[in-house]
Amino acid sequence: MLEVVRTIPIDYYVYLSTLLFCIGVFGVLIRRNAMVVLMCVELMLNAVNLLLAAFSTYLSDAQGQIMVFFIMVVAAAEAAVGLGILVMIYRNTKSTDIYLLDNLRN
Amino acid sequence: MTLAVFLALAFVSVLFALLMVFTKNPVHSVIYLILTFFAIAGQYVLLNAQFLAVVHIIVYAGAIMVLFLFVLMLLNLNSDTEPVQSTKWKLGAAIAGGSLLVTLVGALKGGIQLSMPEVSNSQVGLVQNLGRVLFTDFVVPFEIAGILFLAAMVGAVLVGKRDLNV
Amino acid sequence: MEALIPLIPFLPFLGFVVNGLFGRNLSKTSVGLIGSGALLASFLLSIACFNQVAASGPIQVLWYNFFTVGNFQVNFAFLVDQLSVWMMLIVTGIGFLIHVYSIGYMHDDAGFWKFFAYLNLFIFSMLLLVMGDNLVMLFFGWEGVGLCSYLLIGFWYQNKEYSKAARKAFIMNRIGDLGLLLGIFLIFKTFGSVAYTDIFARIAGVNPDPAIITTICLLLFIGAMGKSAQIPLYTWLPDAMAGPTPVSALIHAATMVTAGIYLVARCNPLYSLSPDALHLVALVGLLTSIWAALIGLRQNDIKKVLAYSTVSQLGLMFVALGMGAYVSAMFHVTTHAFFKALLFLGAGSVIHAMGGEQDIRNMGGLRKALPITCWVFLIGTFAISGFPLLAGFFSKDEIFANTYAAGGRLWWGFAGLGGMLTAIYMCRLLFLTFFGNFRGTEEQKHHLHESPWVMTIPLIVLAVLSVAGGFLNVPHFLHIGTPQWMAHFLEPVVHNSNLSHGGAPHHLEESTEWSLMIFTTSMALLIIVVSYFVYAVRRSLPVADAEQTGISKILAHKFYVDEMYDFLFVKPIEKISQLLHYFGDTRGIDNLVNGVGRGVEGLGGQFRKLQNGNMEYYLLGMVAGAVLLFLTLYM
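Quick note, the sequences are listed as chains A, B and C, same order. Start counting at 1 in the first sequence, then tack on 514, and there's your number in my numbering. Start counting at 1 in the second sequence, then tack on 37, and there's your number in my numbering. Start counting at 1 in the third sequence, then tack on 919, and there's your number in my numbering.
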């Protein structure tokens, strides 16, 4: 049995990732810079990754870590497309303020 | 010892995450986020998921965050151009985030009952094992992930093109 | 032969489809040829059917199972027996003549093709009505002729009055149809079938309560009242004269209105079980006969007079039915079809010549300008009045004799009164129109002309039939030709049953029959002579509407029945409708509907503020939603 599994209850990992996730949510809400909003989304994804990895180890099951890989894939794709869109927005509005992105209103 | 390392890493990751959120300068935000990621990579090592830790560093800290940095520098964003949120809104966001945290913790408070296997396999997080699972059980999702990447690549290129005459 | 029977109704239907769909692009000649040709083919097939039925009895053709619900089975099947083949001959024969006539009459009308399409549809419906082997088929035809009647009365729908007349006919027929429908339901409930043969075969087995039989008969009779224009549902028929004259001839004299007679005659096994119902039928018929004849005395519109005459004659037929003299009623249906079609078509010829003028006060002396029309009209008038040896003489006499035999002197007296009145107003019409001096304008006088041959030939054929039609059913005591030929033919389906309404002897002595006949005939002759002197020699004219007084004013206003119906039914319903419109519709439903709309609109306006396009708000909402979700799930 691994050292970590013996000494640290799984709850600790759960609370840690919950905390990180909530910080991410909080950041998404509080910041207006689209760049930082995207970073907060990455943080939220990582919180989930951490949880998956922890469960994977505690259950001795590789599937959790495989899911982490897929999440990384999606995150990378999302970052690429998201940043591309962001650059286009900046080109048009000279800003990354998401308050300006209210084109959907009308 | 392990617990101490866990707590230290947890403290570092939460601290830098908060800093990332609260720093005005987006470049600093990126740096703090990278540091958070390093702390999370430490957690992975602690969890005996070495390959994951390495990939995490390479992909997140090495690729995604560098991409962020490049874009930031390309757009020349700094704390001067940072839009400021109103206090009222900040309060609302704090309440929302806080209540989410409270709710989640409340939901988890009952504890998690894991039926852990008697004999744990310490080889789970190693490359050999992961590769075998990935290319046997998860080969179809793996290929689909490849297609997703291709789509994202094409999408990113199309979005980034200055004049769209397609 | 069996395979050809469905063709009889469906050939006119084909004509309707072709004319209705492509008639606009066809020449008038081809439209007329298609319409009349379909009818001629049907008529020839009907004659073939007639021969077969006469030789080997009824033909039943099951075309297909229309629908089956539980044990309720309706077949699209034809029953061609003596009664229906008789009706088929009348419908297709008279129908064909009227189609030919219409080619001439409607020649200048823009809706020529439409007219022929409707006429063919009408013939189709009427044939379904008489050929169907069950009450549901009859109901189809029943509704079909109602619809065609509506379409044709309102044929010149640009005229508001005409469309009103069409609506009136439709609604009055609907009232009757409800009765018919309820009657059919009750028949099914009682006998478990709607096919005639089943129903009549099961009467003895089911042995229903006499009250139920009476109810069925009365409900069916309500339907017959509507279609055959009996009191109180008769007012639509005179108004139906708004339609083109061939329509009046075809629908409102010769065929459709006889549907009610056909229904009662068809269901005679039921009626014969219910003396009460028959009594009522006779009473309604008698009242209608006299009532309509009285109104007819003071009408000045050539078609209105004929319309009231039709109502009156239909009343007479119902008297015959009520006396159990079903064959006599069918006989009168036949002869009436001949001479009433003749009279209407003659009137159409007159109207055609007068350029649309219908008021007999503006006619007169048309004998010289319209010799053929005048002669055939004269034959028609004499036939309906009961001039010896003409069609109406035999059929009316038979009804009178049967009335005397079954109902006694009082019934006979009143029925005879109706007959006398008929003679009076018909002679008045004849002499005012064709004798004396011309009273119209110079322009009309100049325009007067005999109708083209397509119109006169049907008239002549009908005139011949009106003369000879009576010999179909010559009474025994006259000893001419084959006595009671029609009665013998119809024997298997309908026969005069011996029902007594007044305790009088059932079988009359020959001497009694002779004296009855001589009395009615001499009365008819007397009336003809007197009216000739009054209207043709002394040339007394009906006064203008405003100057009429006393009884004649009441008669001219048709006993104010329309006004009474207006006051009793139409006005209250309108008032109730208006109230309902105001309180129910405007205040209630409209406010409710609009209120819901306004509420949603207002709410939407509030919600719209949420949709401010700001992503932050959406994110906040999302987080709040997630919080709520967790709260409900885990707390």
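All residues carry an ideal CB built from backbone N, CA and C; glycine is no exception. Bear in mind that the values here come from a model prediction, so they are computed numbers and not experimental data.
Met-57(B) counts as buried, since at least 16 other C-beta atoms from the protein chains shown sit within 10 angstroms of its C-beta.
Against chain C, the beta carbon of Val-539(A) has neighbours under 7 angstroms at Val-1542, listed in chain order. By the neighbour-count definition (other C-beta atoms within 10 Å, threshold 16), Ser-1496(C) is an exposed residue.
Counting C-beta atoms within 10 angstroms of its own C-beta, Thr-173(B) has fewer than 16 neighbours from the protein chains shown and is therefore classed as exposed. For Leu-543(A), the chain C residues whose C-beta falls within less than 9 angstroms of its own C-beta are Glu-1535, Leu-1538, Leu-1539, Val-1542, listed in chain order.
A distance below 8 angstroms separates the beta carbons of Ala-1455(C) and Gly-1355(C).
In summary, no residue of the segment 580–605 of chain A has a CB separated from any CB of chain C by less than 7 angstroms. Within 10 angstroms of the beta-carbon of Gly-1274(C) lie fewer than 16 other beta-carbons, which makes it exposed.
Apart from sequence neighbours up to five positions away, the residues of its chain that approach Lys-1315(C) with a beta-carbon distance below 6 angstroms are Gly-1305, Gly-1338, ordered along the chain. Beyond the five residues adjoining it in sequence on each side, Asp-1481(C) comes within less than 8 angstroms, by CB distance, of Thr-1154 in the same chain, given in chain order.
In this structure, Val-1113(C) keeps its C-beta atom at 8 angstroms or more from the C-beta atom of Ile-1122(C). The beta carbons of Thr-607(A) and Ala-548(A) sit no closer together than 8 angstroms.
One thing to note: Met-581(A) has its Cβ no nearer than 8 angstroms to the Cβ of Gly-197(B).
Taking the beta carbon of Thr-521(A) as reference, the chain B residues within 7 angstroms of it are Thr-39, Leu-40, listed in sequence order. Just measuring C-alpha positions, the residue of Trp-1433(C), Leu-1511(C), Glu-1493(C), Leu-1391(C) sitting nearest Trp-1005(C) is Leu-1391(C). The beta carbon of Leu-958(C) sits closer than 7 angstroms to the beta carbons of Pro-931, Thr-1011, Gly-1014, Phe-1015, His-1018, Ile-1042 from its chain, once the five residues preceding and following it are set aside; these are given in chain order.
Neighbours of Tyr-572(A) in chain C, taken as residues whose beta carbon is under 7 angstroms from its own, are absent, since the nearest beta carbon is some 22 angstroms off. Phe-175(B) carries a coil assignment under DSSP once its states are collapsed to helix, strand and coil. At least one C-beta of chain B is nearer than 8 angstroms to the C-beta of Val-528(A). The residue among Lys-1146(C), Lys-1108(C), Gly-1060(C) with its C-alpha nearest the C-alpha of Gly-1098(C) is Lys-1146(C). Residues Tyr-1323 of the same chain have their beta carbon placed closer than 8 angstroms to that of Thr-1431(C), with the five preceding and five following residues left out of the count. Assignment of alpha helix (DSSP H) within the segment 1015–1084 of chain C, counting only whole runs of 4 or more residues, yields 1031–1050, 1054–1072 in chain order.
Note on Phe-175(B): 16 or more other CB atoms within 10 angstroms of its CB, so buried under the neighbour-count rule. Checking the DSSP bridge columns, you'll see Asp-1220(C) partnered with Asp-1278(C).
Here the C-alpha atom of Pro-1411(C) lies approximately 20 angstroms from the C-alpha atom of Met-1236(C).
Taking a C-beta distance under 8 angstroms as the contact criterion, Leu-1351(C) and Ile-1279(C) qualify as a contact pair.
Residues Met-1160, Thr-1164, Ser-1167, Phe-1263, Ala-1266, Ile-1270, Gln-1277 of the same chain have their beta carbon placed closer than 8 angstroms to that of Lys-1222(C), with the five preceding and five following residues left out of the count. Ranking Thr-1341(C), Gly-956(C), Ile-1298(C) by CA distance to the CA of Ser-1208(C) puts Thr-1341(C) first. DSSP places Gln-1497(C) in the uninterrupted alpha helix (DSSP H) bounded by 1490–1498. Contacts with chain B at 8 angstroms (Cβ-Cβ) include Met-553(A).
Any Cβ of chain A closer than 8 angstroms to the Cβ of Leu-72(B) would place that residue at the interface, and such an atom is absent.
For Thr-1116(C), the uninterrupted alpha helix (DSSP H) segment begins and ends at 1115–1125. Proximity of Ile-524(A) to chain C, defined by a Cβ-Cβ separation below 8 angstroms, is not satisfied. Around Thr-532(A), the beta-carbon contacts reaching into chain B at under 8 angstroms are Leu-138, Leu-141, Val-142, Leu-145. Taking 8 angstroms as the cut-off, the Cβ atoms of Glu-1535(C) and Leu-552(A) do not count as close.
For Phe-75(B), no Cβ of chain A is located within less than 8 angstroms of the residue's own Cβ.
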